[in-house]
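Note that our numbering has the sequence shown beginning at 38, numbered continuously upward. Cβ atoms here follow ideal geometry from the backbone N, Cα and C, with glycine treated the same way. Structure first, commentary second.
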Amino acid sequence: QNELANRERERVEQAAVLNRQRAVELQRQRDQLQQEADAQSRAYAAAMKAENDRRENELRAEQARAQAEVERQRAAAQAEVERQRAAAQAAAQAEVQRQQAAAQAEVQWQRAAAQAEAQRQQAAAHGHNHGCGGCGCHGYCLHNHYLYGFHLHYNGQCSGLHHSQSSGLGGGF
């Protein structure tokens with residue numbers, strides 16, 4: 038009976054040793070699984086952080102591009118406004134100058150026309166008052182007076198033209 042008890046004790050002790058070994062092995066496996074889980078968790082967290090950083094950088098770059106495009110369009114619009122303003126100002130200035138030149142030309146033309154009309158009336162009055170003999174003051178002599186500014190002597194006869202030598206027209210008519 039002692040032998041049976043000894044065998045039973047040995048069996049229990051061996052079972053206890055096996056149980057302790059199994060417990061140690063299970064703890065080792067559990068620790069290893071925990072380490073792997075921790076490593077995977079850290080790797081996942083690092084990957085998620087890297088992905089978040091990448092997306093954030095892309096978003097920042099897109100915002101910078103959008104802002105640059107807004108600034109470019111604003112500058113282009115400002116330049117177009119300035120160009121149109123300068124063109125309108127130049128056109129208005131040119132129109133003012135054109136109107137001034139036209140008005141000045143009109144004044145000069147009216148002045149010349151009035152002066153020519155006064156000279157014509159004066160010359161006609163002289164011709165009617167005194168007559169020009171046979172030289173025809175209403176024709177060629179008077180016409181030359183108009184065109185070239187020659188001065189006629191009205192003393193009842195045409196006494197010729199001043200500057201007749203230089204004009205190449207010869208002495209009186």
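Evaluate Ala-160 with the Cβ neighbour count: other Cβ atoms within 10 Å of its Cβ, from every protein chain shown; 16 or more gives buried, anything less gives exposed.
That one is buried.
Given this structure, state the Cα-to-Cα distance separating Glu-88 from Arg-79, to the nearest angstrom.
A straight-line Cα-Cα distance of about 14 Å links Glu-88 and Arg-79.
Using three-state DSSP, classify Gln-38 as helix, strand or coil.
Residue state, collapsed to three classes: coil.
Whose C-beta lies closer than 8 Å to the C-beta of Leu-96 among residues of the same chain, with five residues either side of it excluded?
Leaving aside the five residues that flank Leu-96 on each side, none in its chain has a CB nearer than 8 Å to its CB.
Answer with buried or exposed for Tyr-185, where buried requires no fewer than 16 other C-beta atoms within 10 angstroms of its C-beta.
Confidence at Tyr-185 is low in this model, with a pLDDT of 44, below 50, so its placement is unreliable and the value that follows should be read with caution. Exposed, since its Cβ has fewer than 16 Cβ neighbours within 10 Å.
Under the rule that 16 or more other beta-carbon atoms within 10 Å means buried, what is Asn-166, buried or exposed?
Caution applies to Asn-166, whose pLDDT of 46 falls short of 50 and renders its modelled position unreliable; the value that the coordinates give is listed next. Around the beta carbon of Asn-166, fewer than 16 other beta carbons sit within 10 angstroms, so the residue counts as exposed.
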